[in-house]
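Enquirer: Numbering (our numbering), first residue to last: 731 to 1311. Think of the CB as a built atom: it goes at the ideal place given N, C-alpha and C, for glycine as much as any other residue. The structure displayed is predicted, hence computed values, not measured ones.
(1) With a threshold of 16 other CB atoms inside 10 Å of the CB of residue 1206, please say whether the residue is buried or exposed.
(2) Straight-line CA distance for residue 751 to residue 857?
(3) So, at 7 Å on beta carbons, what are the nonlocal neighbours of residue 1233 in its own chain, with the 5 sequence-adjacent residues on each side left out?
(4) Look at residue 803 and residue 792 and say whether their C-beta atoms are less than 9 Å apart.
(5) Out of 1185, 848, 1197, which has the shortest C-alpha to C-alpha gap to residue 1165?
(6) Starting from residue 1122, trace the alpha helix (DSSP H) in both directions and tell me its first and last residue.
(7) Unbroken alpha helix (DSSP H) runs of length 4 or more, entirely within the stretch 760-836: which are they?
(8) Keeping to the same chain, check which residues put their C-beta closer than 6 Å to that of residue 1137; ignore five residues upstream and five downstream.
(9) Considering only residues of the stretch 1002-1074, which uninterrupted alpha helix (DSSP H) runs meet the minimum length of 4 residues and lie entirely inside it, listed in chain order?
(10) Drop a sphere of 10 angstroms on the beta-carbon of residue 839, count the other beta-carbons inside from all chains shown, and report buried for 16 or more, exposed for fewer.
(11) Would you check if there are 3 or more beta carbon pairs closer than 8 Å linking the stretch 1024-1031 to the stretch 899-912?
(12) Determine the extent of the alpha helix (DSSP H) in which residue 1295 is found, giving its start and end residues.
(13) CB-CB under 6 Å to residue 1105, same chain, minus the five flanking residues each way: which ones, in chain order?
(14) Are the stretch 1082-1093 and the stretch 1036-1046 touching, with three or more C-beta to C-beta distances below 8 Å?
(15) Do you know how far the Cα of residue 1306 is from the Cα of residue 1298?
(16) Compare the C-alpha of residue 827 against each of 852, 845, 836, 837 and name the closest.
(17) Answer with buried or exposed for residue 866, where buried requires no fewer than 16 other C-beta atoms within 10 angstroms of its C-beta.
(18) Which stretch, first to last residue, makes up the beta strand (DSSP E) that contains residue 940?
(19) Are there 16 or more other CB atoms within 10 angstroms of the CB of residue 891, so buried, or fewer, so exposed?
(20) With contact counted as at least three CB pairs below 8 Å, one residue from each stretch, are the stretch 916-923 and the stretch 976-986 in contact?
(21) Would you give the residue range spanned by the alpha helix (DSSP H) that residue 1244 belongs to?
(22) CA-CA distance, residue 893 and residue 942?
(23) Take residue 1128 and list the residues in its own chain whose beta-carbon comes closer than 6 Å to its own, dropping the five residues that flank it on each side.
(24) So, helix, strand or coil for residue 881, using DSSP?
(25) Alpha helix (DSSP H) containing residue 912: first to last residue?
(26) Exposed or buried, what is residue 925 when buried is set at 16 or more other beta-carbons lying within 10 Å of its beta-carbon?
(27) Looking at the ligand COA, does it come within less than 8 Å of residue 1230, judged from the CB to the closest heavy atom?
(28) Whose C-beta lies closer than 8 Å to the C-beta of residue 1080 among residues of the same chain, with five residues either side of it excluded?
(29) Is there a C-beta anywhere in chain C that falls below 9 Å from the one on residue 984?
(30) Give the secondary structure of residue 893 by DSSP, where H, G and I count as helix, E and B as strand, and everything else as coil.
(31) Ignore the nearest five residues each way along the sequence and tell me which others in residue 888's own chain have a CB closer than 6 Å to its CB.
(32) With residue 781 and residue 771 assumed to form a contact (beta carbons below 8 Å), what rounded beta-carbon distance in angstroms separates them?
(33) Assuming residue 1094 is part of the beta strand (DSSP E), what are its boundary residues?
(34) In the DSSP assignment, the alpha helix (DSSP H) including residue 1186 goes from what residue to what residue?
(35) What span of residues does the beta strand (DSSP E) with residue 1213 cover, start to end?
(36) May I ask you to list the residues that DSSP assigns as paired with residue 1157?
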């Protein structure tokens, strides 16, 4: 057993293990003891109180008249103990010793009124003239405040302050323990990752106070679904997690279904507002294949996002050879690489030539494209990283990088700019939705001293129709700057024909899926002709994409299409490879 007590000496005082005699305490000494900051209690040989100073009265919350003559075991108990002899057994070594004794650790006691008390204990002997022990002085130093602070600090790191659930840090520690046990024993646990659907609507509609109240209600509801040995945590925001201890896969799946039903049946009302709560749930089984808590939580998080991407208010359990999960994992890898590329300027500008079909070439005309340059020197096309950028909110950053670097490059090469008729830059739907996009473009023109009529901007048909009002505002704003505007992938859904009058673009770029086979497919030929005719009828220039052979080139020329773009004309090439002379 660990030694609870140690013999101590007082610094600066000669070592004395005996006191010659005990006499009544002079009043001056009583005043001195009343002035010290520690509680001092005199005990006789039977542990009855013979003296208390004022600090002791305050600490024990009893007057001296009631304390004197009382047994120490009636005044104090070990916290949580029901019998006085528990404390007596603990203090026995100190009561019987003739030395100064201090307890190695602070003692948590309970006063007669039930209030817990954390103290540091020191015993000093009271000996008679013949060396007979007459009693002890018990010195109690109050450590309650520091213990409460330590307790609050522990709570801050182990408990979520809003919901009272386990904190993310504590959950990750418990998860790591579970992962370690899986490596040592043939055990399986299940991790559930829970993300509330449309929680932002609550905050935006009623404010964060209401959102916090909803999170508390959700936490209370989730508590009812777990066993005592399981761990429920709030990871942050509107995300929760559950560690189902020693739980097989089928049982974990049932818990996931209970989570969906429980939250869906929760009706949260605040004033006149009523909200239906749903969540997306991702599950992963912990086994020996998962080596770290971070890996387990990442897999569960990915499974949760698969559930969210496939319609929300549903569950997805990550399994072996999970293609959906693997695709999302790959996308997240691209997100990381693209983020790093944006920070380190590891993207590269390309261009693809656009050639006139009905008139002589009057200058350079091309579309600006972007590529990602890997650390291994490999150049990745946009099809590799663009889906991840669109799904995870990086398109605005990517668009702005392209705009800023294109205009900066043109500004640095005036001899190229002089020969340039038009270069066009693509804008994503995310940039269309950003009111600041037009201001950003205008600032780039001014900063790089590039004439606006030399640059055009392309928006896709789908994005323009989905954001018709914002797209129209952006198009008219760009035209006011002097820029040319184009509707890309025109005809992809054919619904754009009804919206064409609402989008005052200068150029229609006919979707390449119709152009590619028009020389061999009469239907595609007819559709390209119809789109070209509508374009000219509305006073717009037409450009055909994906022209990949001479037959298609001649067919487009015969139709009267104005410009052509595709591999038959030129493959994409780095912007800096364009001859400047």
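Expert: With the given structure in hand:
(1) In the chain shown, the residue the question calls residue 1206 occupies position 476. Counting Cβ neighbours within 10 Å, residue 1206 comes out exposed, since fewer than 16 surround it.
(2) For the purposes of this step, residue 751 is taken as residue 21 along the chain shown, with counting starting at 1. For the purposes of this step, residue 857 is taken as residue 127 along the chain shown, with counting starting at 1. The predicted model places residue 751 with a pLDDT of 39, which falls under 50 and marks its position as unreliable; any figure quoted below should be read in that light. Their backbone Cα atoms lie some 6 Å apart in a straight line.
(3) On the chain shown, residue 1233 is found 503 positions in, with the first residue counted as 1. The residues are 1194, 1201, 1202, 1205, 1217.
(4) Numbered from its first residue, the chain shown carries residue 803 at position 73. Numbered from its first residue, the chain shown carries residue 792 at position 62. No, these two residues do not count as a Cβ contact at 9 Å.
(5) Locating residue 1165 in the chain shown gives position 435, where the first residue counts as 1. Residue 1165 has its Cα closest to that of 1197, out of 1185, 848, 1197.
(6) Residue mapping note: residue 1122 aligns to position 392 of the chain shown, counting from 1. Here residue 1122 belongs to no alpha helix (DSSP H), and DSSP marks it neither H nor E.
(7) 784-790, 794-797, 802-805, 815-826
(8) Position 407 of the chain shown holds residue 1137. Closer than 6 Å at the Cβ level, and outside the excluded window around residue 1137, lie 1174, 1178, 1180.
(9) 1023-1039, 1053-1074
(10) Position 109 of the chain shown, counting from 1, holds the residue named residue 839. When all chains shown are included, residue 839 counts as buried.
(11) yes
(12) Within the chain shown, the letter at position 565 stands for residue 1295. Counting along the chain, residue 1295 falls outside any alpha helix (DSSP H), though it belongs to the beta strand (DSSP E) covering 1293-1295.
(13) The count along the chain shown starts at 1 and reaches residue 1105 at position 375. Around residue 1105: no qualifying Cβ.
(14) no
(15) Taking the chain shown and counting its residues from 1, the one referred to as residue 1298 is at position 568. Taking the chain shown and counting its residues from 1, the one referred to as residue 1306 is at position 576. Whole-angstrom Cα-Cα distance: 21 Å.
(16) Here residue 827 corresponds to residue number 97 of the chain shown, with the count starting at 1. If we check each option's Cα against that of residue 827, 852 comes out closest.
(17) In the chain shown, residue 866 corresponds to position 136, counting from 1. When all chains shown are included, residue 866 counts as buried.
(18) The residue given as residue 940 occupies position 210 in the chain shown. That residue, residue 940, is in no beta strand (DSSP E); its alpha helix (DSSP H) goes 938-953.
(19) As a position in the chain shown, residue 891 is number 161, starting the count at 1. So residue 891 ends up on the exposed side.
(20) yes
(21) Here residue 1244 refers to the residue found at position 514 when the chain shown is read from its first residue. Its alpha helix (DSSP H) spans residues 1242-1245.
(22) Taking the first residue of the chain shown as 1, we reach residue 893 at position 163. Taking the first residue of the chain shown as 1, we reach residue 942 at position 212. Those two C-alpha atoms are separated by around 9 Å.
(23) Within the chain shown, the letter at position 398 stands for residue 1128. For residue 1128, where only same-chain residues beyond five positions count, the Cβ hits under 6 Å are 1119.
(24) Looking up residue 881 in the chain shown gives position 151. Low confidence applies here, because residue 881 scores a pLDDT of 47, under 50, leaving its location unreliable and the question unanswered by this model.
(25) In the chain shown, residue 912 corresponds to position 182, counting from 1. That run of the alpha helix (DSSP H) goes 898-914.
(26) Locating residue 925 in the chain shown gives position 195, counting from the first residue. Counting Cβ neighbours within 10 Å, residue 925 comes out buried, since at least 16 surround it.
(27) Absence of the ligand COA is noted for the structure shown, with no ligands found whatsoever.
(28) Along the chain shown, one-based indexing puts residue 1080 at 350. Counting only Cβ-Cβ distances below 8 Å, and skipping sequence neighbours, we find 1098, 1099, 1100, 1101, 1302, 1303, 1304, 1305.
(29) Of the protein chains in the structure, only one exists, and it is not chain C.
(30) Along the chain shown, one-based indexing puts residue 893 at 163. Note: residue 893 maps to coil in three-state DSSP.
(31) Position 158 of the chain shown, counting from 1, holds the residue named residue 888. Excluding sequence neighbours, residue 888 sits near 897, 900.
(32) Within the chain shown, residue 781 is the residue found at index 51, counting from 1. Within the chain shown, residue 771 is the residue found at index 41, counting from 1. 7 Å between Cβ atoms; contact.
(33) Looking up residue 1094 in the chain shown gives position 364. Element bounds for residue 1094: 1094-1103.
(34) For the purposes of this step, residue 1186 is taken as residue 456 along the chain shown, with counting starting at 1. Careful: residue 1186 lies outside any alpha helix (DSSP H), inside the beta strand (DSSP E) at 1185-1190.
(35) Here residue 1213 refers to the residue found at position 483 of the chain shown. Counting along the chain, residue 1213 falls outside any beta strand (DSSP E), and DSSP gives it neither H nor E.
(36) The sequence position of residue 1157 within the chain shown is 427, counting from 1. According to DSSP, residue 1157 bridges with 1189.
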